[in-house]
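Taking my numbering, the leading residue of the first sequence gets 156, the next gets one more, and so forth. What follows is a set of notes on a single structure, which appears directly below.
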Amino acid sequence: MQPWPRTEEEALAVQDALRSRLVFDEGPASPATVAGLDVAYSEGDERLAAAVVVLSTADLSVVDTAVVRGRPAFPYVPGLFAFREVPALLDALDRLTVRPEVLICDGHGLAHPRRFGLAAHLGVLTDLPAFGVGKTRLVGDWEPVGERRGARSPLIDAGETVGAVLRTQNGVKPVFVSVGHRIDLDRACALTLALTPRYRLPETTRAADRACRDLLS
DNA sequence: GCGACAG
DNA sequence: ATCTTGTCGC
């Protein structure tokens, strides 16, 4: 993916081309390692820091960390968000010394207007199992989710299930889980719950958020 | 024309 | 994403 798209039209064309490479299968049931990815932005200038933190699924300990500085590669446009962060995230992934078994992204996968959000995009480019855990919705509707941790409701857009609204903590606002590449929704939700023993967001996301924020300040 | 709109 | 004080609760 050399010539990075510079217009919305070009970006849409790239999504169209890459979408056909998505693979939908069960994916790893109990991966030994999972990676969290996140990006932090500076206020005034246009600088960013991208981080990937690999955790051991067994005890949630940190196995590897990679952080890089960079620039947004595209303006923020809902639905084209991946074009903004993917280059920096790939740079960070390249600097890992271990290859994680699953990528957990800060954003959506299939829960996207054209079914190709950040998690799907990164999954295809790395060919690693990948899914997204978003804090807010981009598309879709859902029925009220039970108040207890583990409760979930299908996220439906244009008549199809594109993800799940999952409660990770009792009485706390749920998160939006959606498949990206080479993993199914049940396993993505199970992993998300395994990574949220105490907080709303996965430990992977929290670790990556801290890492890139540290590099920026 | 009016809202909605990942991070 | 980032800007922000206090406040409620364990």
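Idealized CB from N, CA, C, for every residue including glycine.
Handout entry: Meets three-Cβ-pair contact criterion under 8 Å: the stretch 213-224 and the stretch 270-278
Key = no
Exercise for the section: Identify every residue that forms a DSSP beta bridge with Pro-309. Expected result: Ala-319
Problem - Per DSSP, cross-strand counterpart(s) of Gly-287 - result: Cys-260 and Ser-333
Problem - For Asp-200 and Gly-301, the rounded distance between their alpha carbons - result: 42 Å
Exercise for the section: Can you check the stretch 218-281 for any alpha helix (DSSP H) of at least 4 residues that lies completely inside it and give the ranges in chain order? Expected result: 237-249 and 273-281
Exercise for the section: Give me the Cα-Cα distance between Ala-168 and Ile-311, rounded to the nearest whole angstrom. Expected result: 25 Å
Handout entry: Continuous alpha helix (DSSP H) stretch holding Leu-173: start and end
Key = 163-174
Handout entry: Opposing strand residues paired with Tyr-196 [DSSP bridges]
Key = Leu-203
Practice task
Would you mind reading off the limits of the alpha helix (DSSP H) that contains Leu-371?
Solution key: 358-371
Problem - Residues of its chain near Ala-166, where Cβ-Cβ distance is below 6 Å and the 5 sequence neighbours each way are ignored - result: Pro-160, Leu-235 and Phe-238
Practice task
Quick one: grab the DSSP three-state call for Leu-210.
Solution key: strand
Practice task
Please name the residue, chosen from Asp-193, Ala-184 and Leu-177, that lies closest to Asp-369 on a Cα-to-Cα basis.
Solution key: Asp-193
Problem - Cβ pair Leu-293, Ala-266 closer than 8 Å - result: yes
Practice task
Compare the Cα-Cα distances from Glu-256 to each of Asp-282, Asp-296, Ala-243 and Ala-247 and report the closest residue.
Solution key: Asp-282
Problem - Selection from Gly-191, Gly-264, Gly-262 and Gly-289 that minimises the alpha carbon distance to Ala-247 - result: Gly-191
Exercise for the section: Sort Thr-316, Val-207 and Asp-341 by Cα distance to Ala-363 and report the nearest one. Expected result: Val-207
Problem - Beta-carbon separation (whole angstroms), Thr-291 vs Thr-323, contact threshold 8 Å - result: Rounded, the Cβ-Cβ distance is 14 Å, inconsistent with contact.
Handout entry: Same chain only: Cβ atoms within 6 Å of Gly-264, ignoring 5 sequence neighbours per side
Key = Gly-272, Ala-274, Ala-275, Phe-286, Gly-287, Ser-333, Val-334 and Gly-335
Exercise for the section: Reducing DSSP to helix, strand and coil, say where Asp-339 ends up. Expected result: coil
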